[in-house]
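**Q** In order, the protein sequence lines correspond to chains A and B.
Be aware that the first sequence starts at -12, since it is given in the working numbering, and climbs by one per residue.
Be aware that the second sequence starts at -1, since it is given in the working numbering, and climbs by one per residue.
No residue lacks a Cβ here, since even glycine has one placed at the ideal position from N, Cα and C.
The structure displayed is predicted, hence computed values, not measured ones.
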Amino acid sequence: MSSNDLQGYKKTLNSPYTGIKGWIDSRLPLIRMMEAEYLKFPVPKSLNYFWSFGGIAMFCLIGLILTGIFLGFHYKPSADDAFDSVERIMRDVSFGWLIRYLHANLVSFFFIATFIHIFRALYFGSYKAPRELVYIFGLTMFMLMMATAFLGYTLPWGQMSYWGATVITNLFSAIPVVGDAILTLLLGDFTVGDSAVNRFYVLHWLLAFAIVGLVVFHVITLHMTGSNNPTGSEPQSWDETVSFHPYVTIKDLNAAIFFFIILAFILFYYPNILGHSDNYIKANPMVTPAHIVPEWYFLPFYAILRAIPDKLGGVLAMFGSILALGLLPWLDTSKVRSCLFRPVWRICVLLFAVNFLVLMYMGGKPAEGIYVLISRIGTAYWFLFIFVLAPLVGFLETPRQPLTISNYLQSKKA
Amino acid sequence: MSENNKPRRDFIKLSAMTLGGVGAASLAIPFISSMNPGKDTLALASTEIDLAPLEEGQSLTVIWRGKPVFIKHRTKKEIEDAKNTSLTDLIDAEEDSVRVQNDKWLVVLGVCTHLGCVPLGQKVSDTKGDFGGWFCPCHGSHYDTSGRIRKGPAPTNLPVPPYVFLTDNRIKIG
């Protein structure tokens, strides 16, 4: 390489700014990056409110980390102290009740936002090329979220914490031959106890920040391809886009305000409605509660676990249900992205969403009679949707010609 | 680099990577091993129990390694039931005689082999399931008077912990 080329290359790294801003930006190019990715970044102008839930989920994550830090100042991760330290937060720590209720209810709203966000991806085909990695990073975050939420729920050391932890960690004992040894290794004891609560606390923190790291990858991959939109058509010119700021920032903020008003209502009037009263009883390793019910956001997956009459099979089906979703970008054979133009697939996706809610209801019911049967049908549809309907409907269906973004907006006005 | 040197360079790369990999794996051993139960936890691994106060038909729950152990003083009928069960009726076929050291005393871990709940059946007022032993309320597993799984999702019988009779009325678990 000649010296001239090197000078030319170095020039491209120069900051576009002057003064202090330029001084910082020429050394740490964060300012120009933020301007390109968050102020000027072009997004399709046809986005609807479904596109606000990614941002809302991020607000939830920030809120969880902030409240988590303040809870961590008072919480003691040991079998003897955990329950009492949480009660102390609720009764004695100044505003401790508010911070803990916020933390506990924000998780639920984080899951609500994420479920809607994933539904959006399925309905408008955001998972399809070239956004496969955006989707895969998203699903990975979703799994980490479930792990983090499970670990967090064990920390108050109530009856549901303890027995939920026992049942879920026992899933590892389903692994043939080495299952029990792995379980002992993970718990550091022969049962869920002092050693487990200590490491669950550490992992709860670790995974929370792992999610933050994955958010970065999620956003980088998204910004390489740009946002999808209801038509599934790529913007053809600048006319079909708006800048991220102020259009998307204000719209997302607006959506977030409505979303968090609902959170505030639950937080201040029904702070325990999404929890289980048994978790206000201190963990007792000798007595199992009559019904062990996981948190509401785990219920669909719990229903899948119980639908399979075999221990190992149930565990595989539960984890497989999410992993299989990751194959959708390759199993869906259709060239058209959005369900607006796919009459048959649209019904399949809506049924998938209804099925998800049905499984959620079944997961909260005892595993007997009709509930088991419906859980089995629901589980069957879950896998049928991914492995049979996705490839088959793509081949057989005749989609309509997708509208361009401009034509779509015109047709909505008319 | 001439063509002749290439395999030699490949060999150096491969052996360096292999050695590095083995080194990293060896370094992982102490860290993974540190996650296992510590010596203090293992030291609590045996428990002695006096059986004398247990009348026929009564049960006792003791703690061993943090888990409940069920000790049942079986009645004549319960022993008969356990002995007369045909092996073909069992999910995890096992003779009653290999599960007890003394017919009167059944000692099993009180942890359901499905997902680790504590089955009901220790108290007189508890439901004992369809086979007169224990019933797990979590996912509906039924155990018989030998602690064997008869119905429900649990894959295996309630395990028998290692124990010895110190005297006729005294046992040591672990």
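1) For the beta strand (DSSP E) containing residue 29 (chain A), name the first residue and the last one.
2) Using the rule of at least 16 other Cβ atoms within 10 Å of the residue's Cβ for burial, across every protein chain shown, is residue 389 (chain A) buried or exposed?
3) For residue 58 (chain B), report the span of its beta strand (DSSP E) as first-last.
4) If you run the structure through DSSP and keep just helix, strand and coil, what is residue 120 (chain A)?
5) On the three-state DSSP scale, how would you describe residue 38 (chain A)?
6) Taking only beta-carbon positions, decide if residue 285 (chain A) is within less than 7 angstroms of chain B.
7) Leaving aside the five residues before and after residue 146 (chain A) along the sequence, list all residues of the same chain whose C-beta is less than 7 angstroms from its C-beta, in chain order.
8) Using a Cβ-Cβ cutoff of less than 7 angstroms, which residues in the same chain neighbour residue 13 (chain A) once the five nearest sequence positions on both sides are dropped?
9) Using a Cβ-Cβ cut-off of 7 angstroms (strictly less than) and excluding sequence neighbours within five positions of residue 214 (chain A), which residues of its own chain qualify?
10) Which residue marks the beginning of the alpha helix (DSSP H) containing residue 302 (chain A), and which one marks its end?
11) Determine the direct distance from the alpha carbon of residue 288 (chain A) to that of residue 469 (chain A), and round the result to whole angstroms.
12) Within a Cβ cutoff of 6 angstroms, which residues of the same chain sit near residue -12 (chain A), ignoring the five residues on either side of it in sequence?
13) Is the CB-CB distance between residue 164 (chain B) and residue 141 (chain B) below 7 angstroms?
14) To the nearest angstrom, how far is the alpha carbon of residue 95 (chain A) from that of residue 137 (chain B)?
15) Go through its chain and collect everything with a Cβ distance to residue 161 (chain B)'s Cβ below 8 angstroms, but skip five positions before and after it.
16) Does the beta-carbon of residue 87 (chain A) have 16 or more other beta-carbons within 10 angstroms, so that it is buried, or is it exposed?
17) Please check if any C-beta of chain B sits within less than 7 angstroms of the C-beta of residue 23 (chain A).
18) With a threshold of 8 angstroms on Cβ separation, who are the neighbours of residue 61 (chain B) within its own chain once the five nearest residues in sequence on each side are excluded?
19) Given residue 134 (chain B), which residues of its chain have a CB within under 6 angstroms of its CB, disregarding the five upstream and five downstream residues?
20) Within its chain, find whatever has a CB closer than 8 angstroms to the CB of residue 153 (chain B); leave out the 5 residues flanking it on each side and keep chain order.
21) Given a threshold of 16 other Cβ atoms within 10 Å of its Cβ, counted over all protein chains shown, does residue 150 (chain A) qualify as buried or as exposed?
22) Tell me which residue opens and which closes the alpha helix (DSSP H) that residue 317 (chain A) is part of.
23) Can you have a look at residue 157 (chain A) and say buried or exposed, based on whether 16 or more other CB atoms are within 10 angstroms of its CB?
24) List the residues of chain A that residue 34 (chain B) touches, going by C-beta distances under 8 angstroms, in chain order.
25) Going along chain C, which residues have a C-beta under 7 angstroms from residue 293 (chain A)?
26) Are the beta-carbon atoms belonging to residue 35 (chain B) and residue 175 (chain A) less than 7 angstroms from one another?
27) Compare the C-beta of residue 65 (chain B) with all C-beta atoms of chain A and state if any pair is closer than 7 angstroms.
28) Classify residue 122 (chain A) as buried or exposed, calling it buried when 16 or more other Cβ atoms lie within 10 Å of its own Cβ.
29) For a contact meaning CB atoms closer than 7 angstroms, what does residue 277 (chain A) contact in chain B?
30) Residue 63 (chain B) and residue 177 (chain A) - do their beta-carbons sit closer together than 7 angstroms?
31) Identify the contact partners of residue 273 (chain A) in chain B, using a Cβ-Cβ distance below 9 angstroms as the criterion.
32) Leaving out five residues before and five after residue 52 (chain A) in sequence, what residues of the same chain have Cβ atoms less than 7 angstroms from its Cβ?
33) What are the complete alpha helix (DSSP H) segments, minimum 4 residues, inside the segment 47 to 125 of chain A?
34) If we define contact as Cβ-Cβ less than 7 angstroms, is residue 354 (chain A) a contact residue for chain B?
35) Less than 8 angstroms between the CB atoms is what I'm expecting for residue 304 (chain A) and residue 366 (chain A), so what's the real figure, rounded?
36) Going along chain B, which residues have a C-beta under 8 angstroms from residue 296 (chain A)?
**A** On the basis of the supplied data:
1) 29 to 31
2) buried
3) 57 to 62
4) helix
5) helix
6) no
7) 265, 266, 268, 270, 271 and 276
8) 1 and 2
9) 30, 31, 34 and 38
10) 298 to 312
11) Missing from the structure shown is residue 469 (chain A); chain A here goes from -12 to 401 and no further.
12) Since pLDDT at residue -12 (chain A) reaches only 48, below the 50 mark, its modelled position is unreliable, and the value read off the structure follows with that caveat. Excluding sequence neighbours, residue -12 (chain A) sits near nothing in its chain.
13) no
14) 26 angstroms
15) 99, 105, 169, 170, 171 and 172
16) buried
17) no
18) 45 and 67
19) 110, 115 and 117
20) 89, 90, 111, 112 and 147
21) buried
22) 315 to 318
23) buried
24) 171, 172 and 175
25) Looking for chain C here will not work: the only protein chains present are A and B.
26) yes
27) yes
28) buried
29) 135
30) yes
31) 59, 61, 66, 108 and 116
32) 195
33) 69 to 78 and 83 to 110
34) yes
35) 6 angstroms
36) 151
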